[in-house]
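Trainee:
Given below as structure tokens:
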């Protein structure tokens with residue numbers, strides 16, 4: 001087991017990574033009421049057994065449909081009716097979409113309660129459940145309403161991954177690969193050389209890649225927690241195009257697969273801007289293929305309206321005037337921030353997707 005302690009935005013965040021570590025909740029939840037918001041498909045008997053009495057429970061379907069203001073209102077309404085206070089606990093148990101919406105609700109009720117994330121997917125463990133970004137979608141735009149609010153505790157129990165469907169596991173691997181490509185050459189090499197261990201979910205391998213991914217993200221977040229310095233933008237590699245693909249598909253295309261395609265397209269963009277080493281396109285594509293992830297729109301086996309992709313990019317949160325701040329790959333493990341005009345991205349999209 002590995003433990004990470006970080007102080008981010010005036011909140012001490014403790015992250016546990018390993019197998020059979022739910023029991024650590026006993027050390028964390030000492031006094032106060034507990035609301036567990038869980039995904040419908042997740043069994044929480046072990047969590048309930050560890051915590052004992054005074055537990056409240058809400059159940060969400062899980063999936064992108066939960067990232068909705070109506071769901072946020074339902075959670076807040078429950079907290080209010082049951083007289084929850086700021087020093088009580090909200091525990092989110094589920095995938096990344098669930099921790100997003102629960103984190104958002106928790107951050108705005110009484111200006112913030114004690115939040116514990118127990119991600120049950122690889123994507124949740126390495127991305128959504130850490131770093132403090134919480135959001136819901138609005139009018140087909142992904143994550144347009146949200147807050148920055150750090151969880152007090154994250155328990156990444158890799159035992160949850162034993163029963164995670166292959167598609168969902170690969171979805172999370174796309175984000176792990178992202179960290180390797182844009183931030184961590186050693187992680188990239190590890191992923192190249194340990195394909196069998198990763199695919200077969202060997203405990204030591206999975207624990208290592210989850211740990212490395214989380215460390216990479218936290219190292220960025222603690223330097224730029226509110227995305228004001230232009231550092232945290234690196235975590236959006238593959239996401240400018242990826243989010244647009246998700247939105248254009250009506251959120252049918254899973255986040256990880258959309259980001260995988262986004263990474264390839266944004267790497268090609270970098271080469272055409274004269275910033276990215278031209279060898280990187282093949283390196284990124286080869287890595288994604290090793291893990292059965294898509295490298296083009298065609299691989300998604302769904303018709304995507306290019307005009308909808310372009311519209312979504314034009315509404316990107318990172319847009320300033322006629323350009324978008326994007327992290328552009330220089331070489332594996334290194335990057336620069338670059339202002340790319342909307343027109344340049346749109347021309348590229350029409351060329352690479354059309």
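Numbering (UniProt numbering), first residue to last: 1 to 354.
Virtual Cβ for every residue (Gly too), placed ideally from N, Cα, C.
All of these numbers come straight from a predicted model, not from anything done at the bench.
Going along the chain, which residues of its own chain have a beta-carbon closer than 7 Å to the beta-carbon of residue 244, five neighbours each way excluded?
Mentor: 309, 312 and 313
Trainee: Is the beta carbon of residue 132 less than 8 Å from the beta carbon of residue 9?
Mentor: yes
Trainee: What is the DSSP secondary structure of residue 18, counted as helix, strand or coil?
Mentor: strand
Trainee: Residues in its own chain within less than 8 Å of residue 69 by CB, not counting five upstream and five downstream?
Mentor: Contacts found: 136, 138 and 145.
Trainee: Is residue 107 near residue 134, with beta carbons less than 8 Å apart?
Mentor: yes
Trainee: Less than 8 Å between C-beta atoms, sequence neighbours within five positions excluded: which residues of the same chain meet that for residue 223?
Mentor: 229, 231 and 232
Trainee: Using only the alpha-carbon positions, how far apart do residue 151 and residue 236 sit?
Mentor: 20 Å
Trainee: Are residue 177 and residue 288 touching if we call contact CB-CB under 8 Å?
Mentor: Yes, they are a contact pair.
Trainee: If we require 4 or more residues per run, which alpha helix (DSSP H) segments fall completely within the segment 43 to 126?
Mentor: Runs found: 45 to 51, 69 to 81 and 96 to 108.
Trainee: On the CB-based measure, 16 or more other CB atoms within 10 Å of its CB, does residue 7 come out buried or exposed?
Mentor: exposed
Trainee: Could you compute how far the alpha carbon of residue 30 sits from the alpha carbon of residue 54?
Mentor: 12 Å
Trainee: Within 8 Å, do at least three Cβ pairs link the segment 205 to 217 to the segment 116 to 129?
Mentor: Yes, the segment 116 to 129 touches the segment 205 to 217.
Trainee: DSSP state of residue 29, grouped into three classes?
Mentor: If DSSP states are grouped into helix, strand and coil, residue 29 belongs with coil.
Trainee: Which residues in the same chain have their Cβ closer than 6 Å to the Cβ of residue 346, if we skip the five residues on either side of it in sequence?
Mentor: 310
Trainee: Work out the CA separation of residue 319 and residue 143 for me, nearest whole Å.
Mentor: 14 Å
Trainee: Let me know the secondary structure DSSP gives residue 135 once reduced to three states.
Mentor: strand
Trainee: Helix or strand or just coil, what does DSSP make of residue 191?
Mentor: helix
Trainee: Entirely within the segment 275 to 338 and at least 3 residues each: give me those beta strand (DSSP E) ranges in chain order.
Mentor: 323 to 331
Trainee: Pick helix, strand or coil for residue 130, following the three-state DSSP scheme.
Mentor: Reduced to three states, the DSSP call for residue 130 is coil.
Trainee: Assuming residue 295 and residue 285 are in contact, meaning their beta carbons sit under 8 Å apart, how far apart are those beta carbons, in whole angstroms?
Mentor: 5 Å
Trainee: Considering residue 230, what are the terminal residues of the beta strand (DSSP E) in which it resides?
Mentor: That residue, residue 230, is in no beta strand (DSSP E); it is neither H nor E in DSSP.
Trainee: Should residue 225 be labelled buried (16 or more other beta-carbon atoms within 10 Å of its own) or exposed?
Mentor: buried
Trainee: With a cut-off of 8 Å, does the C-beta of residue 23 fall near any C-beta of chain C?
Mentor: Absent from the structure: chain C. Only one protein chain is present.
Trainee: Closest by CA to residue 12, which one among 20, 218 and 64?
Mentor: For the residues 20, 218 and 64, the minimum Cα distance to residue 12 belongs to 218.
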